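Residue numbers (numbering that gives the first Met the number 0), protein chains in the order written: chain A, 0 to 251; chain B, 0 to 192. For glycine and all other residues, C-beta sits at the position ideal for the given N, C-alpha and C. Note that the coordinates shown come from a computational prediction; the quantities given were computed from them, not determined experimentally. Input: a single structure, listed below in structure tokens.
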Amino acid sequence: MLTKRIIPCLDIKNGRTVKGVRFENIRDAGDPVELAKWYAEQGADELVFLDITATNEERKTFAELVRDIARHIDIPFTVGGGISAVADVEVLLMAGADKVSINSAAIRNPQLVEDLTLRFGSQCVTMAIDTKYTEATGWKVYARAGTVETEHATVDWARRVVDLGAGEILLTSMNNDGTKAGFALDITKAVSEAVSVPVIASGGAGTMQHFADAFQIAHADAALAASLFHFRELGIPDLKRFLKAEGIAVRV
Amino acid sequence: MNLVIVDYKAGNVQSVLFALERLGVQATLSSDFETIKAADKVIFPGVGEASSAMAQLRVRNLDKLLPTLEQPFFGVCLGMQLLCDHSEEGDTDMLGIIPLPVKRFQTDLKVPHMGWNQLEKLQSPLFTGIAEGEYAYYVHSFYVPLSKYTIAQTSYPEPFSAALQYKNFYAAQFHPEKSGPAGSQIIKNFLAL
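This is the structure:
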């Protein structure tokens with residue numbers, strides 16, 4: 000049976016993991032490769048690396064890091080952050096990334112999604128959608144790391160990018176991100192039911208039950224978290240045992 | 000051992016090379032007719048779209064060469080589908096080595112079939128040391144139905160060919176290069192054939 004995926008997300012700046020990750024068993028938790036290997040051993044199903052640096056020079060460093068990650072880990076990983084052109088994606092895929100996630104660039108130029116899927120295939124194009132709910136607007140898509148509201152309603156945008164060829168949706172609720180109060184179940188469910196491709200729930204994970212809810216109530220195919228795993232508030236082996244006991248298919 | 004990976008600009012070539020490197024195995028990346036023909040073993044990776052991949056093979060005249068090979072050969076993911084007769088993806092005529100069709104998933108489940116799923120009914124030295132129900136990583140929208148050449152199956156929701164063997168041609172729909180220790184074992188098993 001196809002299992003639900005648990006995905007730790009690592010933010011990368013200048014080739015290092017950020018957020019003051021604390022681990023006792025890792026020599027250098029700031030080293031993305033060390034951390035990635037540890038997560039793979041813990042049973043993470045995939046990894047996401049987001050480049051939060053800004054300059055082109057730093058981006059070159061990121062591509063080198065992607066190569067280093069691919070050399071050392073034997074599970075799939077997605078890379079994203081600042082991708083704006085087909086050429087950016089080619090560099091990252093050729094370095095060994097399995098998927099790329101795109102966000103603001105696709106909002107500026109939706110044609111990019113189609114260009115990427117025709118060139119590399121849908122399976123390696125993950126559309127990252129940052130979404131926020133207000134009473135006045137409902138769920139809207141935000142661009143530029145969540146700083147700019149767009150005219151797109153979230154479900155409509157998800158449908159559109161899937162029509163253009165995106166093979167997966169990474170849906171982050173800005174309302175929930177960092178709250179540890181649970182994933183945004185309503186919009187995750189709405190998007191999951193609206194599109195034919197897998198949906199990753201992101202933003203708000205705080206407990207094991209939150210993951211179960213994302214899968215059972217919101218019908219997410221995967222769930223992503225960052226600090227919850229990085230600060231060892233939740234271990235992936237424990238989480239998977241819990242989900243299995245709840246009757247959810249996971250790889251253990 | 001002279002191991003050659005077929006180079007036709009497939010997206011996962013680097014991942015396959017790294018997986019071999021982790022096993023301490025050197026491989027040559029080549030699209031050259033004579034180099035491939037002289038190999039002891041050949042690995043044929045692939046991700047992406049069927050008709051573009053076939054076009055890349057034709058440009059290199061590999062559509063003529065690959066069917067004539069006699070050494071152990073391992074097609075991975077799209078590399079497995081390309082060995083078949085015909086794919087519903089872009090209504091594409093494939094290499095025609097294994098007399099099987101490639102079909103699109105018709106299901107209410109999410110497509111692509113993406114993530115870790117279980118290998119069942121294992122029946123090949125390719126799976127020595129691999130337990131029934133072991134997990135492998137998949138990402139694909141098209142599949143090969145069960146047949147007499149099926150040597151492992153996976154269900155989504157109906158069973159399909161997880162792996163095939165036809166004469167010297169072995170193939171896996173999943174990505175052994177991304178399937179953790181079990182995937183590495185399967186690659187090792189191929190190298191030991």
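request  = Tell me whether B/F126 sits in a helix, a strand or coil according to DSSP, three-state version.
outcome  = helix
query = When the Cα atoms are used, what is the spatial distance from B/S160 to A/T149?
reply = Straight-line Cα distance between these residues: approximately 44 Å.
query = Going by C-alpha distance, which of A/G177, A/V124, A/A183, A/K179 is nearest A/T153?
reply = A/A183
message = Between A/P75 and chain B, is the shortest Cβ-Cβ distance under 8 Å, so that the two count as touching?
response = Contacts with chain B at 8 Å (Cβ-Cβ) include A/P75.
request  = Closer than 7 Å, Cβ to Cβ, to anything on chain B: give me those residues from the stretch 164–176 of chain A, in chain order.
outcome  = G166, E167
query = Closer than 8 Å, CB to CB, is B/N60 near chain A or not?
reply = B/N60 does not count as touching chain A.
inquiry  = Please report whether the beta-carbon of A/P197 lies at a distance below 8 Å from any beta-carbon of chain B.
reply    = yes
ask   = Within 8 Å (strictly less), CB to CB, does A/F22 reach chain B?
value = Since pLDDT at A/F22 reaches only 48, below the 50 mark, its modelled position is unreliable, and the value read off the structure follows with that caveat. Output row for A/F22: interface = no.
ask   = When the distance is taken between beta carbons, is A/L64 closer than 8 Å to A/I6?
value = no
ask   = Helix or strand or just coil, what does DSSP make of A/F182?
value = Three-state result, A/F182: coil.
ask   = Would you report the Cα separation of A/V90 and A/G81, rounded to the nearest angstrom?
value = 13 Å
task = Please work out which residues of its chain come closer than 6 Å, Cβ to Cβ, to B/V12, disregarding the five sequence neighbours upstream and downstream, and give them in chain order.
result = Exclusion of the five residues before and after B/V12 leaves P44 as the residues of its chain whose Cβ lies within less than 6 Å of its Cβ.
message = Quick check on this structure: which residue in B/D90, B/W115, B/S14 has the alpha carbon closest to the alpha carbon of A/T2?
response = B/W115
ask   = Taking C-beta to C-beta, are B/A181 and B/A151 nearer than 8 Å?
value = Pairing B/A181 with B/A151 gives a Cβ-Cβ distance that is not under 8 Å.
ask   = Alpha carbon to alpha carbon, how far is B/D62 from A/M173?
value = 50 Å
task = Mind listing the chain B neighbours of A/G95? Cutoff is C-beta to C-beta under 8 Å, in chain order.
result = What A/G95 touches in chain B: Q13, S14, F17.
query = Looking at the structure shown, is A/F214 part of a helix, part of a strand, or coil, going by DSSP?
reply = helix
inquiry  = Taking the beta carbon of B/Q80 as the centre, do at least 16 other beta carbons fall within 10 Å, making it buried, or is it exposed?
reply    = buried
key: Any C-beta of chain B under 8 Å from that of A/T2   = So, interface residue.
request  = Taking C-beta pairs closer than 8 Å, name the residues in chain B that A/G120 reaches, listed in chain order.
outcome  = G10, V46, G47, E48
Within 9 Å of chain B by C-beta, residues of the stretch 46–71 of chain A in sequence order = R66, A69, R70, H71
query = Is it buried or exposed for B/K109, if we count other Cβ within 10 angstroms and need 16 for buried?
reply = The residue is buried, with at least 16 neighbouring Cβ atoms inside 10 Å.
task = Give the residues of chain B in contact with A/D220, contact being defined as C-beta atoms less than 9 Å apart.
result = Proximity of chain B to A/D220 at the Cβ level (cut-off 9 Å) is accounted for by K109, M113, G114, in chain order.
task = Report the neighbours of B/Q117 on chain A: residues whose CB is nearer than 7 Å to its CB, in chain order.
result = M0
Classification of A/R231 by the beta-carbon crowding that lies within 10 angstroms, buried from 16 upward = exposed
query = Helix or strand or just coil, what does DSSP make of B/L64?
reply = Of the three classes helix, strand and coil, the one that applies to B/L64 here is helix, per DSSP.
inquiry  = Please classify A/G310 as buried or exposed, where buried requires at least 16 other C-beta atoms within 10 Å of its C-beta.
reply    = Only positions 0 to 251 of chain A appear in this structure, which leaves residue 310 of chain A out of reach.
inquiry  = Counting only Cβ-Cβ distances shorter than 8 Å, please list the residues of the stretch 145–159 of chain B near chain A, keeping chain order.
reply    = S154, Y155
request  = May I ask you to report which of helix, strand or coil DSSP gives A/D162?
outcome  = In the three-state scheme derived from DSSP, where H, G and I count as helix and E and B as strand, A/D162 is classed as helix.
query = Can you give, in chain order, each stretch of the alpha helix (DSSP H) that sits fully within the stretch 38–88 of chain A and has at least 4 residues?
reply = 55–71
request  = Pull up the CB-CB distance for B/V46 and B/C83, whole angstroms please, since I reckon it's below 8 Å.
outcome  = Contact doesn't hold; Cβ gap of about 16 Å is too wide.
request  = Using 10 angstroms around the beta-carbon of B/D92, count the other beta-carbons present and answer buried if the total reaches 16, otherwise exposed.
outcome  = exposed
key: For B/N188, the three-state DSSP class (helix, strand or coil)   = helix
key: Boundaries (first-last residue) of the beta strand (DSSP E) holding A/L9   = 4–12
ask   = Alpha carbon to alpha carbon, what distance is there between B/A170 and B/S51?
value = Here the alpha carbon of B/S51 sits roughly 20 Å from the alpha carbon of B/A170.
request  = Identify every residue that forms a DSSP beta bridge with A/A127.
outcome  = A/L169
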